[in-house]
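Undergrad: The structure's right below; bear with me while I get my questions together.
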Amino acid sequence: MDDPRLAARARRQVAEEVEALGWAELAADAELVVSELVTNAVLHGGGCNGVRVSPLPKGVRLEVSDAKRQAPVLGFASPASMTGRGLRMAASVASAMGVETDGAGKVIWAEITLDPPMLAGAGLDEGELLARWSEELGPSRSGRLRHHLVLGEVPTDLLIGAKSHVDNLVREFTLAASGARSGMSGEVVPHLAALIEVVVNRFSEARDSIKRQALAAAAAGRSHTVLELDLDADAADAGEEYLIALDSVDAYCRAARLLTLETPPQHRVFRHWYVEELISQLRTLARGEVPGPVMPFEKRLIQEMEEVAKARHVAERSARLYTVAGALVAADSPETVADAVLNQGVAALGASGGGMLLASDADRLLVPGTVGYDQPVVEKLRAESRDAELPAAMALRTGEPVWIENRAERDRRFPELAALEPATLSACAVPLVIRERCLGALRFSFNEPRLFDEDERRFVMALAAQAAQALARAQFQRARIDASERLQRSLLPPRLLAIDGVQVAAVYHPFGDGMEVGGDFYDLWRSANGQYGVAIGDVVGTGPEAAATTAMVRYSLRALTLHSIDPVGVLPLLNEGLVGASAERGVEEIFCTAIVGRLQPGPAGVHLILAGGGHPDPFLRRANGDLEEIQVRGSMLGAFPEIEVGRAEVNLHAGDMLVLFTDGMLEARSPDGEMFGDRGVRRVLDACPGSAQHTADALEAAVVAHVAGELFDDLAVLILQVESA
1051 MDDPRLAARA RRQVAEEVEA LGWAELAADA ELVVSELVTN AVLHGGGCNG VRVSPLPKGV
1111 RLEVSDAKRQ APVLGFASPA SMTGRGLRMA ASVASAMGVE TDGAGKVIWA EITLDPPMLA
1171 GAGLDEGELL ARWSEELGPS RSGRLRHHLV LGEVPTDLLI GAKSHVDNLV REFTLAASGA
1231 RSGMSGEVVP HLAALIEVVV NRFSEARDSI KRQALAAAAA GRSHTVLELD LDADAADAGE
1291 EYLIALDSVD AYCRAARLLT LETPPQHRVF RHWYVEELIS QLRTLARGEV PGPVMPFEKR
1351 LIQEMEEVAK ARHVAERSAR LYTVAGALVA ADSPETVADA VLNQGVAALG ASGGGMLLAS
1411 DADRLLVPGT VGYDQPVVEK LRAESRDAEL PAAMALRTGE PVWIENRAER DRRFPELAAL
1471 EPATLSACAV PLVIRERCLG ALRFSFNEPR LFDEDERRFV MALAAQAAQA LARAQFQRAR
1531 IDASERLQRS LLPPRLLAID GVQVAAVYHP FGDGMEVGGD FYDLWRSANG QYGVAIGDVV
1591 GTGPEAAATT AMVRYSLRAL TLHSIDPVGV LPLLNEGLVG ASAERGVEEI FCTAIVGRLQ
1651 PGPAGVHLIL AGGGHPDPFL RRANGDLEEI QVRGSMLGAF PEIEVGRAEV NLHAGDMLVL
1711 FTDGMLEARS PDGEMFGDRG VRRVLDACPG SAQHTADALE AAVVAHVAGE LFDDLAVLIL
1771 QVESA
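Okay, here's the thing in structure tokens:
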């Protein structure tokens, strides 16, 4: 019987019978004792088989029977233990206690009388109580041969702690299983239920014997306990199942599915040591052979410490590799790659210094970064030739790692290294290889002899592999940016045309990381009859398609105005070309906004006719500082076969300035979502009365500051200012 309500029923039964026998003043003590004895039977005796109350001259005798023959254990008081205090508590109020065999199980009895408790004053002490309960109540009923095993000394405190932890598990498991059967708690997961059965009932004889020996040693004040057990051969299989079960239970503890915490590491080492030794000894004896000596527990501890140290070493280096990998995700240059790899590498290896050297078109190697080297050494590294008889240069040339473990090897293989780094006694250099292409070499220096084991060599090679991949990505990204920049520059005039009496200035700012080509453009060109064409526009989209459209628009405008400039007549022709190009490319639409103008210098200043195709209206700042928006308007180009063309006519006099820009300026948003807008343009123009170039630069700087340095669209500005007389 293991109903969790059994203890409560036993208390009620005993209280009623004790009072009926005329000992009402002893009822409370009797309830306490029977509660603890029944709980002990449930947790440690295989279940409670019955409760009996008998009269005595001065009180009553309580008997609780269970299903196991092993004698009970008087628990050791410990804050970490959730069990083991019950029998101690019962002994504190009972006048006498004992244990007797009962078939396959036993009976624990306690006398509750008017005499003093057995553990009080000069009465029975704990040692005497332990002595009364023999390790076994009788001979084994299995009839099988039992083997006497001596495992050796183990610290008593460790034994008590380890067994208390398992007792806590047994208590929790027993209550969980009995609660599920009685309906007082939820069902136990089948897999956990199987583990509970093994932990509670398998290998219990050895477990109880060890606990008994530990408690006896603690009571005697012995710091170490010599473990001795008498077991039959079947205990080997039980021990194997017990180990597997407890290791599986730890997973439930780690996942907080149980109240008991995961097994402490020192307890786990002890458990595996003694169970594995028992299994080995018993199975050897079962084969009729003489077992070898038991490995001392201290030796097993040392082995475990060595394994833990190795595991920690590997874990630390794995963590550093993980840190490097994370840092390299954002590394976009050789310098950031070198910084991430070298800092972690030097720290993990305990190196005195580290450096990255890269191949270049010149004879000298590039040095994007070093850690730990003083300036003279860094300068020598920067002067290193790819043909030098030095470790990094050789690793780069051959594609093979170089390992130098002592001074003699250094001087024999690389005589120049002593002059480069006099304090370095050992070093390594590994190539940075990606797809059979050697990008450079990674080098580390040490001020003492160093034997590079396989683990260290793998670590350095892993660092080099990560660095090579990151370098290749950075180089590819740089190449893409360079290509994008070259393409973008090809879409803009290489230099602005000079016009007598007119200051001309422009800025272009790409968006993002500069890897995509934007669609903004501006242009200024000469036409016939002393006229000039001027244009600013924005092709919708980015990338090669936008670049192709931008080039087409810019050069179409030049071709259409080669002999004369009629801005209002040019835009319909440009629109027709965009619609046709869209059909030829097989895309739905190619959009573009633009302002095209005819500029005619004269004695009184500059006369401008502007035609608009859906582009943002320009601003005119007069010499006296007045600002006005020139409304050109018009409809977007490329969207429809027929468009509306906006028109405006402007006369610029001395000191007047016309400011044209793309929507990347107006729509630039701050981190909190506020657009730069017309107000931002006006604010800059009001505050910046300088030259055309100064104003263009001020507008760019204001937009970049507004967006906190991160543009999401490119922007272009073109400014025309009539010079003062």
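With the sequence shown counted from 1, adding 1050 to any position gets you my numbering.
Virtual Cβ for every residue (Gly too), placed ideally from N, Cα, C.
If the criterion is Cβ atoms closer than 8 Å, does the pair Trp-1453 and Phe-1496 meet it?
TA: Here residue 1453 is taken as the residue at index 403 of the sequence shown, counted from 1. Here residue 1496 is taken as the residue at index 446 of the sequence shown, counted from 1. In this structure, Phe-1496 does not lie closer than 8 Å to Trp-1453 by Cβ.
Undergrad: Just to confirm my understanding: we take Val-1083, look at its own chain, exclude 5 residues before and 5 after, and list those with CB closer than 7 Å. What are they?
TA: Along the sequence shown, one-based indexing puts residue 1083 at 33. Counting only Cβ-Cβ distances below 7 Å, and skipping sequence neighbours, we find Leu-1112, Ala-1140, Val-1143, Ala-1144, Ala-1160, Ile-1162.
Undergrad: Touching or not, the stretch 1618-1638 and the stretch 1692-1706, by the rule of three or more beta carbon pairs under 8 Å?
TA: Yes, they touch.
Undergrad: If you draw a straight line from the C-alpha of Leu-1335 to the C-alpha of Ala-1359, how long is it?
TA: Translated into the one-based positions of the sequence shown, residue 1335 becomes position 285. Translated into the one-based positions of the sequence shown, residue 1359 becomes position 309. One C-alpha to the other measures close to 35 Å.
Undergrad: Between Cys-1409 and Arg-1436, which are expected to be in contact by the criterion C-beta below 8 Å, what is the C-beta distance as a whole number of angstroms?
TA: On the sequence shown, residue 1409 is found 359 positions in, with the first residue counted as 1. On the sequence shown, residue 1436 is found 386 positions in, with the first residue counted as 1. The question names Cys, but residue 1409 in the sequence shown is Ala. Going by Cβ atoms, the distance from Ala-1409 to Arg-1436 rounds to 7 Å, so yes, they are a contact pair.
Undergrad: State yes or no: is the C-beta of Ile-1645 within less than 8 Å of the C-beta of Ile-1549?
TA: Start at 1 with the first residue of the sequence shown, and residue 1645 comes out as number 595. Start at 1 with the first residue of the sequence shown, and residue 1549 comes out as number 499. Not closer than 8 Å, so no.
Undergrad: What residue from Ala-1689, Pro-1739, Ala-1631, Leu-1658 has the CA that sits closest to Asp-1676's CA?
TA: Here residue 1676 corresponds to residue number 626 of the sequence shown, with the count starting at 1. Nearest C-alpha to Asp-1676: Pro-1739.
Undergrad: Beta-carbon within less than 6 Å of Ala-1172's beta-carbon, same chain only, minus the 5 sequence neighbours each way: which residues are those?
TA: Stepping through the sequence shown from its first residue, residue 1172 is reached at position 122. Confidence at Ala-1172 is low in this model, with a pLDDT of 39, below 50, so its placement is unreliable and the value that follows should be read with caution. Contacts found: none.
Undergrad: Check the C-beta distance from Leu-1219 over to Val-1299 and give it rounded, since I have them as a contact under 8 Å.
TA: Here residue 1219 refers to the residue found at position 169 of the sequence shown. Here residue 1299 refers to the residue found at position 249 of the sequence shown. Leu-1219 to Val-1299, Cβ: 6 Å. Contact.
Undergrad: Taking the straight line between their C-alpha atoms, what separation do you get for Val-1428 and Val-1757?
TA: Stepping through the sequence shown from its first residue, residue 1428 is reached at position 378. Stepping through the sequence shown from its first residue, residue 1757 is reached at position 707. Going from the Cα of Val-1428 to the Cα of Val-1757 covers about 39 Å.
Undergrad: Over the uninterrupted beta strand (DSSP E) stretch that includes Cys-1642, give me the two end residues.
TA: Position 592 of the sequence shown, counting from 1, holds the residue named residue 1642. First-last of the beta strand (DSSP E) with Cys-1642: 1642-1652.
Undergrad: Could you tell me which residues DSSP pairs with Glu-1156 in its beta bridges?
TA: Within the sequence shown, the letter at position 106 stands for residue 1156. Sequence inspection shows Lys at residue 1156; the Glu mentioned does not correspond to that position. BP columns for Lys-1156 point to Asp-1116, Thr-1151.
Undergrad: Have a look at Glu-1326, Asn-1674, Leu-1658, Val-1753 and flag the residue whose alpha-carbon is nearest the alpha-carbon of Pro-1560.
TA: Within the sequence shown, numbered from 1, the residue matching residue 1560 stands at position 510. Selected option, being the one with the closest Cα: Val-1753.
Undergrad: With a threshold of 8 Å on Cβ separation, who are the neighbours of Leu-1208 within its own chain once the five nearest residues in sequence on each side are excluded?
TA: As a first step, residue 1208 is located in the sequence shown; it is residue number 158 there, counting from the start. If we look at Leu-1208 and ignore the five residues flanking it on each side, its Cβ neighbours are Gln-1316, His-1317, Phe-1320.
Undergrad: Can you tell me whether Gly-1118 is buried or exposed, with buried defined as 16 or more other CB within 10 angstroms of its CB?
TA: Numbered from 1 along the sequence shown, position 68 holds the residue referred to as residue 1118. Note that residue 1118 is Lys in the sequence shown, not Gly. Per the 10 Å Cβ criterion, buried.
Undergrad: With DSSP collapsed to three states, give me the class of Asn-1497.
TA: Counting from 1 along the sequence shown, the entry for residue 1497 is found at position 447. In the structure shown, Asn-1497 sits in coil (DSSP, three-state: anything other than H, G, I, E or B).
Undergrad: Who does Phe-1669 pair with in a DSSP beta bridge?
TA: Mapped onto the sequence shown, residue 1669 falls at position 619. Partner(s): Glu-1679, Val-1709.
Undergrad: Taking all protein chains shown into account, decide if Leu-1309 is buried (16 or more other Cβ within 10 angstroms of its Cβ) or exposed.
TA: Locating residue 1309 in the sequence shown gives position 259, where the first residue counts as 1. Classification of Leu-1309: exposed, given that the 10 Å Cβ count is below 16.
Undergrad: If you follow the alpha helix (DSSP H) that Arg-1062 is part of, which residue opens it and which one closes it?
TA: Along the sequence shown, read from residue 1 onward, the residue named residue 1062 stands at position 12. Per DSSP, Arg-1062 belongs to the alpha helix (DSSP H) from 1056-1070.
Undergrad: Is Leu-1658 near Gln-1581, with beta carbons less than 8 Å apart?
TA: As a position in the sequence shown, residue 1658 is number 608, starting the count at 1. As a position in the sequence shown, residue 1581 is number 531, starting the count at 1. No, the Cβ-Cβ distance between Leu-1658 and Gln-1581 is not below 8 Å.
Undergrad: Would you mind sorting Phe-1526 into buried or exposed? The rule is 16 or more other CB atoms within 10 Å of its CB.
TA: Here residue 1526 refers to the residue found at position 476 when the sequence shown is read from its first residue. Exposed, since its Cβ has fewer than 16 Cβ neighbours within 10 Å.
Undergrad: For Phe-1509, is the classification buried or exposed, using 16 other Cβ atoms within 10 angstroms of its Cβ as the cut-off for buried?
TA: By one-based count along the sequence shown, residue 1509 stands at place 459. The residue in question, Phe-1509, is buried, as its Cβ has 16 or more Cβ neighbours within 10 Å.
Undergrad: With distances taken Cα to Cα, identify the nearest neighbour of Met-1686 among Ala-1631, Arg-1257, Asp-1588, Arg-1732.
TA: On the sequence shown, position 636 is the one that residue 1686 refers to. Closest option to Met-1686, Cα to Cα, is Asp-1588.
Undergrad: Specify whether the stretch 1700-1709 and the stretch 1663-1682 touch according to this definition: at least 3 beta carbon pairs, one from each stretch, less than 8 Å apart.
TA: Counting Cβ pairs under 8 Å, three or more are found: they touch.
Undergrad: Can you say whether Thr-1448 is buried or exposed, counting buried as having 16 or more other CB atoms within 10 angstroms of its CB?
TA: For this step, residue 1448 is matched to residue 398 along the sequence shown. Per the 10 Å Cβ criterion, exposed.
Undergrad: In this structure, does DSSP put Trp-1073 in helix, strand or coil?
TA: Indexing the sequence shown from 1 puts residue 1073 at position 23. If DSSP states are grouped into helix, strand and coil, Trp-1073 belongs with coil.
Undergrad: Do Val-1364 and Ala-1390 have their beta-carbon atoms positioned less than 8 Å apart in this structure?
TA: For this step, residue 1390 is matched to residue 340 along the sequence shown. For this step, residue 1364 is matched to residue 314 along the sequence shown. Cβ atoms of Ala-1390 and Val-1364: not closer than 8 Å.
Undergrad: Just confirm the distance between the C-beta atoms of Pro-1499 and Glu-1455, as a whole number of angstroms; I'd bet it's less than 8 Å.
TA: What you label residue 1499 is simply residue 449 of the sequence shown in a count that begins at 1. What you label residue 1455 is simply residue 405 of the sequence shown in a count that begins at 1. Pro-1499 to Glu-1455, Cβ: 6 Å. Contact.
Undergrad: Candidates Val-1656, His-1613, Gly-1662, Ser-1774: which alpha carbon is nearest Leu-1624's?
TA: What you label residue 1624 is simply residue 574 of the sequence shown in a count that begins at 1. When only C-alpha atoms are compared, the closest one is Gly-1662.
Undergrad: What's the gap between the Cα of Gly-1386 and the Cα of Arg-1221?
TA: Taking the first residue of the sequence shown as position 1, residue 1386 is located at position 336. Taking the first residue of the sequence shown as position 1, residue 1221 is located at position 171. The amino acid at residue 1386 is misidentified as Gly; the sequence shows Thr. C-alpha separation (whole angstroms): 57 Å.
Undergrad: Under the DSSP definition of a beta bridge, which residues are partnered with Glu-1699?
TA: Here residue 1699 refers to the residue found at position 649 of the sequence shown. Answer is Ile-1659, bridged to Glu-1699.
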